[in-house]
Amino acid sequence: MIKSSDRSILLMVTEEDGDQAFYIKFESGFSWPGGASGPTVGEGYDLGYSTAAEIAVDWSPFIDAPRVAILQKAAGKTGSAAKAFVEAHKSSIMITWAESLAQFRGHELPKWEAIVASHLPNTDKLTGDCYGALTSLTYNRGPSFDLPGSRYIEMRNIKAHMAAQRFDLIPNEFLSMRRLWPKGGDLWNRRGHEALLFRDGLLAPAVAPVAAAAAPAKTGFNPEKVLS
């Protein structure tokens with residue numbers, strides 16, 4: 001059973017691939033986000049950090065075997081090798097918007113919700129918006145709640161706040177970690193959207209159903225206006 005709210009799922013999909021028109025134009029084949037990333041498909045699925053066997057498990061229920069085999073060729077390729085692979089094979093596969101969403105909701109989202117629950121205490125006390133905000137963060141940054149160093153201060157703080165059930169302190173941790181990315185960039189904005197989503201989740205009863213809402217804009221968002 002999916003625990004994230006419809007609103008948070010829409011946020012994750014939008015942050016990973018934009019809207020349907022953007023996906024069809026730019027993301028329906030292989031893409032490479034840059035840096036140490038691998039070739040990605042669907043809703044930010046990184047093939048470079050997956051084995052061929054994992055790719056088969058993750059994608060076989062949603063696309064045909066020939067396309068699964070094409071995805072498997074990208075297994076383990078990261079960084080410059082991933083860039084070269086995408087340049088050579090970008091148009092060798094096409095995954096539809098519907099297939100991408102089905103794979104994300106049917107496999108990736110439950111998997112990452114379970115990862116969140118395995119790394120953070122008291123997730124059963126969260127609303128769908130709050131759970132979804134943490135799932136979005138973890139899907140993007142990995143379950144780095146115990147990693148040392150200044151880069152992960154806020155991630156460790158979030159785990160401490162979850163343990164203490166000080167959920168009210170978590171939105172500002174999302175905002176604080178924006179120091180890691182250029183102001184106004186995609187990840188800087190994404191952390192702000194997640195902070196607002198978590199804050200809104202605190203205002204709703206945990207047992208209340210959460211209605212779907214429009215996806216947040218990727219730019220022009222100023223969470224300081226609504227968060228202390």
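Counting in this note's numbering, the sequence shown runs from 1 upward without gaps.
Glycine is no exception: its CB is placed at the ideal position from the N, C-alpha and C atoms.
In this text the structure is predicted, and so the values were computed from the model without any measurement.
Where residue 25 falls, given that 16 or more other Cβ within 10 Å makes a residue buried: exposed
Does the Cβ-Cβ distance between residue 39 and residue 77 come in under 8 Å? yes
I need the straight-line Cα distance from residue 155 to residue 162, nearest angstrom please. 11 Å
Range of the contiguous alpha helix (DSSP H) that encloses residue 189: 186–202
Contacting residues, own chain, Cβ-Cβ under 7 Å from residue 117 (five flanking each side not counted): 123
For the candidate residues 20, 74, 192 and 176, whose alpha-carbon lies nearest to that of residue 45? The option with the nearest alpha carbon to residue 45 is 74.
With DSSP collapsed to three states, give me the class of residue 1. coil
Cutoff 6 Å; reference residue 178; Cβ partners in own chain excluding five residues on either side: 188 and 191
Who are the near neighbours of residue 137 in its chain, counting only those whose CB is closer than 6 Å to its CB and skipping five residues on each side? Only 194 meet the Cβ criterion.
Going by beta carbon distance, what residues of the same chain come within less than 7 Å of residue 171, once the five residues before and after it are set aside? 195, 198, 199 and 227
What does a CB cutoff of less than 7 Å around residue 145 pick up in its chain, not counting 5 residues either side in sequence? 119, 120, 155, 156, 158 and 159
Buried or exposed: which applies to residue 151, given that a residue is buried once 16 or more other Cβ atoms fall within 10 Å of its Cβ? exposed
Counting C-beta neighbours from all protein chains within 10 Å, is the total for residue 3 16 or more, i.e. buried, or is it exposed? buried
For a minimum of 4 consecutive residues, which ranges assigned as the alpha helix (DSSP H) are wholly contained in the stretch 129–190? 153–164 and 170–176
Do you know how far the Cα of residue 174 is from the Cα of residue 134? Cα-Cα distance, rounded: 9 Å.
Quick one: grab the DSSP three-state call for residue 100. helix
Which residue marks the beginning of the alpha helix (DSSP H) containing residue 34, and which one marks its end? Counting along the chain, residue 34 falls outside any alpha helix (DSSP H), and DSSP gives it neither H nor E.
What would DSSP say about residue 123, mapped onto helix, strand or coil? Of the three classes helix, strand and coil, the one that applies to residue 123 here is helix, per DSSP.
Using the Cα positions of residue 62 and residue 103, report the straight-line distance between them to the nearest angstrom. If I take the Cα positions, the gap works out to 6 Å.
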